[in-house]
Amino acid sequence: MDKNRNLKISFWNANSVLPKKDELTIFLEEHKIDIMLLSETFLKKTKDMKIRNYNIYRTDRRDGSKGGTAILIKNGIEHGELPKIEETNIESTGIRIEIEGRPTNIYSIYKSPLKEMKEEDIKKIFKSKVPTIAAGDINAKHTDWNCRVSNTSGRILSEIIEKHNIILAAPNEHTHISSNAGTTDILDIALMKNIRWNYEIESRMDLSSDHCPVIMELETTIDRENTTRKITNWRSFRENIEAKNMEINDHQQLEEAIFDLERRIKTAEEKSTKSIIINTKNEIPQHIKTLLAEKKIAKKKYIRTMHPEDKKKLNSLTNEIKSELREHSNEKWKEKMEALQTEDKSLWQMTKAITGKNKKRNIPFIKLGTEKAIIDAEKVETFAKMLEEQFKLNEGNKDYEFNSNIDRIGRKREDQENNEKQIEEITQEEVQENIKALKTRKAPGRDGVTNNSLKNLPTEIVKEIANIGNAVIKLEYYPKIWKKSETIMIHKNGKPVNEASSYRPINLLSAISKLIEKSIYKRLKEHVEEHGIIPKHQFGFRTEHTTTYQLARITEDIKEKLNVSTPTGAIFLDIEKAFDRVWHQGLIYKMKEKQFPRKITNIIMSYLEDRKYEVKIGNKKSKERKIEAGVPQASVLGPLLFNIYTSDTPKLKNCKIAQFADDTAIYISNRNRIRTHRGLQEDMEILEKYYRKWKIKINPTKTVGVYFDHKRRKCTKLPEMIEVEEQQIKWQKEAKYLGVILDEHLNFNRQIEENRKRPECYRDNYTPCCTAKVIYQWRIKN
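When you line the sequence shown up against the numbering used here, it's residues 9 to 790, in that order.
Encoded structure:
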């Protein structure tokens with residue numbers, strides 16, 4: 009953590025930034041700039057721009073050419089993007105950072121000389137009471153800030169800043185060179201409000217543009233995370249970790265044993281790990297540095313004389329520097345490409361970097377209702393608040409007697425009628441197998457124990473973990489220390505990035521906990537398979553039951569009927585928050601009904617109750633909150649528990665049913681449209697009754713009906729609309745099921761169109777060609 013330096017903010021009218029990117033990179037490194045505000049970027053949506061060690065935020069001009077603003081902020085500085093300021097003559101890009109614990113807004117601004125200076129535009133930037141800095145070129149000249157002359161925009165701005173107590177900061181030296189008029193002036197300025205820190209501001213000659221970059225240094229400190237790489241000596245780790253054989257006879261001893269084990273693993277890893285600060289500075293050859301120094305001298309001379317010969321020399325040096333920087337960049341790239349190898353995974357890492365697959369995207373500002381969260385500290389609480397509502401039980405069935413009976417039985421730990429079957433002990437070898445299956449790059453949970461450290465444990469510690477797992481089974485108790493998770497939010501593809509509801513939660517659970525979960529899963533699955541609890545139409549989270557096989561099954565059924573001129577009516581149901589709202593007492597009641605061993609049932613009851621979470625973004629965490637319903641996302645047991653909960657989905661009278669976890673479709677084939685409607689409606693009412701009973705909620709607004717018919721024409725009559733949750737479902741021409749678009753003629757034309765836009769999809773199992781291939785395999789197998 010670097011806290012010693014003052015905060016350096018620079019602003020610059022680039023007059024097209026991409027051709028000057030290499031120069032800008034050198035400037036940022038040489039002057040240790042924390043935040044760079046750019047105006048007149050000339051960037052468009054089709055033009056990408058990346059600068060090493062910096063995050064970039066852009067507002068590209070949508071109409072016309074030129075213009076545009078952007079902000080570069082150094083990696084390691086906590087920040088958030090501000091909402092765009094719409095309907096204004098001032099183009100802007102904004103971020104929020106924390107300075108000495110106070111949120112501070114920083115804007116890059118630009119106003120064209122052709123547009124009017126308006127008080128409303130300035131007020132929009134400074135409307136909040138948050139300390140704000142807005143800097144850039146707004147083409148406002150006034151003698152008050154040492155300009156040669158005053159213009160209309162300058163006079164209006166002078167009145168605005170006086171009226172609203174805004175501070176204007178400008179360097180003493182010129183910031184703009186007008187070659188046509190042969191004059192210099194100050195156009196690049198900073199506007200500040202509620203800023204209490206002292207500052208210094210100066211104009212520099214470093215960059216190629218008709219504007220000079222301005223550096224403003226605030227006399228304040230800011231947290232900066234250094235880029236580090238950790239190297240662990242695993243041999244030393246194994247030597248440092250001490251083994252213990254703790255006696256575990258009750259809940260408290262179990263909790264203490266786990267806490268102590270986690271502490272010993274982390275301590276041993278810390279002792280055996282060195283953090284190396286990565287040198288991210290781009291080394292520039294000496295001859296280029298010499299040329300840059302010469303260019304500064306030439307620029308100063310030209311500004312002083314405005315002589316054509318001096319301008320010619322300046323342009324010559326500028327072009328030479330561009331050429332040398334381009335050549336240097338190409339050489340560095342060539343060296344990097346030649347060094348790539350498959351053995352050290354550098355080739356694979358470079359491939360991911362080029363394709364953008366390993367790119368970490370910052371969560372922008374998010375909205376939840378009328379609330380807006382800008383910085384991470386605000387975002388975590390907003391997400392936590394949203395999830396608190398998400399992890400609540402659906403209202404469902406209002407039968408008080410039924411609900412109270414299920415709650416009573418579901419909370420009862422002792423049940424003499426339940427199966428007393430002995431549970432197989434967890435062996436050291438089993439734990440070792442579970443450890444081998446772990447992926448090394450997975451993020452750790454709250455305990456901080458990594459999968460890599462587990463893979464390097466000595467046998468004595470593996471035996472300890474097996475003993476802890478057996479204590480969980482013996483005591484029929486899942487430890488509280490493992491029921492607290494860190495939750496990270498992942499953006500759903502295609503959803504608005506600024507809506508909190510566009511993100512799904514992933515729980516980061518204890519790695520040791522997952523090892524024990526795998527052992528419990530194995531014993532749970534044995535009972536499920538022995539008694540055939542999961543119905544054949546449920547393909548989710550089952551061995552050799554992929555999405556493609558389920559798609560093959562449903563499309564084969566429909567296609568066979570279409571071949572004999574029999575249409576098929578299908579309803580594709582959307583279950584709302586299916587995993588997050590599983591009724592805990594209902595699940596335990598069903599496990600008892602299905603004669604699961606008492607010990608396993610009680611462990612699952614303990615596993616589900618009193619779970620807590622905290623949302624994490626970067627280094628910020630929300631307040632801890634309780635989970636009232638649902639199975640944990642990203643857990644080992646969650647998917648199987650969901651399948652058990654929905655395993656008693658009733659048999660339908662008329663329709664076939666296809667399920668993949670919560671993705672459910674019912675369909676019926678009949679030449680008579682009246683019978684199609686009647687069959688679907690009757691079975692839909694059976695499902696609705698079941699879902700209400702077990703507090704599962706159908707979302708009718710996202711439920712889709714498709715009538716598959718080869719001969720369908722505009723004049724063809726459709727069956728009557730199906731009613732779901734008292735809402736009529738209109739017949740659509742297509743539906744998306746398990747990632748594939750099924751159109752009314754089942755020819756996959758729409759899916760093929762989509763794949764042409766995304767050619768990389770041809771590598772996965774969601775393409776029509778793959779579906780067709782598996783249909784063929786399905787025919788042979790069945």
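We put the CB at the ideal spot given by N, CA and C, even for glycine.
Suppose the cutoff is 7 Å on Cβ atoms and the five residues either side in sequence are ignored; what does the same chain contact list for TRP205 look like? LEU226, GLU227 and THR228
Leaving out the 5 sequence neighbours to the left and right, which residues in its chain are closer than 6 Å to ARG619 when beta-carbon positions are compared? LYS491 and ILE635
For ALA301, which of helix, strand or coil comes out of DSSP? helix
Neighbourhood of ASN506 by C-beta distance below 7 Å, restricted to the same chain and skipping five residues each side: PRO372, PHE373, ILE374 and LYS375
Could you give the C-beta distance for GLY418 and GLN593, rounded to a whole number, given that I count them as a contact under 8 Å? 3 Å
Using three-state DSSP, classify MET613 as helix, strand or coil. helix
Just tell me which of PHE50, GLU379 and GLU441 has its CA closest to the CA of SER73. PHE50
Between the beta-carbon of SER630 and the beta-carbon of GLU389, is there less than 8 Å? yes
Once you ignore the five residues that flank LYS541 on each side, which residues in its own chain have a CB closer than 7 Å to its CB? Reading the sequence as shown, one finds Ile at residue 541 and not Lys. Excluding positions up to five away in sequence, the list reads LYS602, ILE652 and SER655.
If we define contact as Cβ-Cβ less than 8 Å, is ILE665 a contact residue for chain D? No chain D appears in this structure, which consists of one protein chain only.
DSSP on GLU328, reduced to helix/strand/coil? helix
Taking the alpha-carbon positions, what's the HIS336 to LEU746 distance? 49 Å
Over the uninterrupted beta strand (DSSP E) stretch that includes GLU499, give me the two end residues. The question names Glu, but residue 499 is His in the sequence shown. Element bounds for HIS499: 492 to 499.
Looking at the unbroken alpha helix (DSSP H) that takes in ASN19, where does it start and where does it end? The sequence shown places Phe at residue 19, rather than the Asn named in the question. Per DSSP, PHE19 belongs to no alpha helix (DSSP H); it is in the beta strand (DSSP E), 15 to 21.
For CYS375, three-class secondary structure by DSSP: It is worth fixing the name first, because residue 375 is Lys in this sequence and not Cys. Note: LYS375 maps to strand in three-state DSSP.
Any chance the segment 466 to 479 sits against the segment 245 to 252, with 3 or more Cβ pairs inside 8 Å? yes
Round the Cβ separation of ALA78 and ILE141 to the nearest angstrom and send it over; I've been treating them as touching at under 8 Å. Not really, about 16 Å apart at Cβ, beyond 8 Å.
Between the segment 693 to 706 and the segment 604 to 623, are three or more C-beta pairs nearer than 8 Å? no
Whole angstroms are fine: how far does the CA of ALA381 sit from the CA of ILE266? 37 Å
Cα-Cα separation between GLY84 and GLN667, rounded to whole angstroms: 45 Å
Between the alpha carbons of LYS309 and GLY102, how many angstroms are there, rounded? 36 Å
Any beta strand (DSSP E) of 3 or more consecutive residues that is wholly inside the segment 182 to 233: 184 to 186, 191 to 193, 196 to 201, 207 to 211 and 222 to 226
Are LEU648 and LEU523 closer than 8 Å when you measure CB to CB? no
With a CB to CB cut of under 6 Å and the five nearest residues on each side skipped, what residues in its chain are close to ASN707? ASP582 and GLU584
Rounded to the nearest angstrom, what separates THR609 and HIS718 at their Cα positions? 50 Å
Can you confirm whether the segment 563 to 577 touches the segment 689 to 696 when touching is taken to mean that 3 or more C-beta pairs between the two stretches lie within less than 8 Å? no
Endpoints, the beta strand (DSSP E) within which ALA743 is located: 742 to 745
Short check: CB of LEU750 to CB of ALA743, under 8 Å? yes
Along the beta strand (DSSP E) that carries ASP751, what are the first and last residues, could you check? 748 to 751
Starting from the C-beta of LYS53, find all residues in its chain whose C-beta is less than 8 Å away, skip the five residues before and the five after it, and write them out in chain order. ASP68
In the DSSP assignment, the beta strand (DSSP E) including PHE580 goes from what residue to what residue? 576 to 581
If you count every other CB in all the chains shown that lies within 10 Å of the CB of ASP30, and 16 or more means buried, which is it? buried
Buried/exposed call for ALA179, threshold 16 Cβ in 10 Å: In the sequence as displayed, the identity of residue 179 is Pro instead of Ala. Label assigned to PRO179: buried.
Exposed unless 16 or more other CB atoms sit within 10 angstroms - verdict on LEU150: Here residue 150 is His; the residue named in the question, Leu, does not match the sequence. Under this definition HIS150 is a buried residue.
Taking only three categories from DSSP, how would you classify HIS172? coil
My understanding is that GLY75 touches TYR115, with C-beta atoms under 8 Å, so please give their C-beta distance in whole angstroms. Contact doesn't hold; Cβ gap of about 15 Å is too wide.
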